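Everything on this sheet refers to the single structure shown next.
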Amino acid sequence: MLAATTNRVDVGWTSARISVLIDAIKERPALWHSSHPHYRSMSKRKEYLSEVAEKVRSVAGGENINEDHVSGKWSILRECFNKQLKKVRGGGVSGWEHYARLVFLTPEVMSACRFDDLEAESHGTSNVDIVNSNGIGLDIQSQLEKMLGYVPEPLVSGECDPPIKRVKLSPKARERDIDADRQRTTRMQQASVVSTWVPPREDSIAAAMQAMTSTSTPPTATAQIVTTNSALTSILNKPRQSINGSISFNGEIPDQEDKWTLMGRMIEQTCRELEVKSHELAIHLQKDLNDIIFKYQLEGLKRK
């Protein structure tokens, strides 16, 4: 009996044929998952094994492989995987080249698979369409790739192919990727900051000047000219003083900023922001500021 089993299995299983065998069986969970509705159906099992054998025969040199060879080789592969899994769970490392392809046999993945839709169909009819079964297999494949992060590598046909290894990133490469992501996020945040100041249009300036002229005119034009000229002459002839009381150089910016400089910046920033939000409010604000400045200029001239 042992000799018969050996002759049935030893048909020249290369790494490429074993990879095709594993992938084909993984797409048919009825051959490896006990919760699948077709798991105990002998007719379905024979049908799926025939499909797997046909795929394996498509690889060069596998023309003589039949369903019995596939079933026997699959039993050996499952037994080897269980041994390797115990080794890994015990803290060891598996060097078997087919270990990564068979991770769908772990208890965690097996318990995560669901066949509710197919099971409902099997209760309603005695036979289930093969297309639906294959569809479930492909869905299981996508679930495995999401849970395990495993994507099957493209298979190159041949008998002397080297073992396929998964590429792993080194810790330094991971750190570089993290730093690059942080830099991209910082650049995106900086690019999203937009200035709120918008240059005023010429027509808006003309309208504002016209509004100020029409609403802020003194009692008479003569009084306006005399008062304005007097105020400007007084302001220009008056020497500017710094905070400590010393006279600053003519035409030069003082070393220290006093309260009036800071207030002027605050007024400028407020006016620019209001200009963006509401052009009408900006005109009213400018008018009120002009009225206030003109009022206190007159008060200053009266107290001389």
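For the sequence shown, the working numbering gives the first residue as 35, with consecutive numbering after it.
Here a beta-carbon is modelled for each residue, glycine too, at the ideal position from N, C-alpha and C.
Quick caveat: nothing in here was measured; it's all calculated off a predicted structure.
Can you tell me whether R135 is buried or exposed? The criterion is at least 16 other CB atoms within 10 Å of its CB, across all chains shown. buried
Relative to the alpha-carbon of L111, which residue among W130, K336, E291 has its alpha-carbon at the smallest distance? W130
Span of the alpha helix (DSSP H) around Y82: 76-91
Taking the straight line between their C-alpha atoms, what separation do you get for A58 and Q217? 44 Å
Within 10 angstroms of the Cβ of V127, are there 16 or more other Cβ atoms? Answer buried if so, exposed if not. exposed
Since I317 is in the alpha helix (DSSP H), which residue starts that stretch and which ends it? 313-336
By Cβ distance below 8 Å, which residues in the same chain neighbour Q118 in space, the five residues on each side in sequence not counted? S128, W130, Y133
Grab the span of the alpha helix (DSSP H) containing R51 for me, first residue to last. 49-60
Evaluate contact between the segment 47-66 and the segment 83-95, counting only Cβ atoms and requiring at least three cross-stretch pairs below 8 Å. yes
Do the CB positions of I99 and V45 come within less than 8 Å of each other? yes
If we ignore side chains and look at the alpha-carbon of each, how far apart do F115 and D211 end up? 34 Å
Under 7 Å Cβ to Cβ from H67, same chain only, skipping five residues before and after it: list those, please. Y73, M144, C147
Is the CB-CB distance between V54 and V90 below 8 Å? yes
Pairwise C-alpha distance: A214 and K107: 47 Å
Whole angstroms is fine: what's the gap from I326's alpha carbon to V310's? 23 Å
Segment limits, alpha helix (DSSP H) that includes A64: No alpha helix (DSSP H) contains A64, which DSSP labels as neither H nor E.
Please classify P71: is it buried, with 16 or more other beta-carbons within 10 angstroms of its beta-carbon, or exposed? buried
In the DSSP assignment, the alpha helix (DSSP H) including V104 goes from what residue to what residue? 101-123
Euclidean distance between Cα positions of E314 and R306: 13 Å
Please name the residue in R123, S84, L308, K121 whose C-alpha comes closest to that of V104. S84
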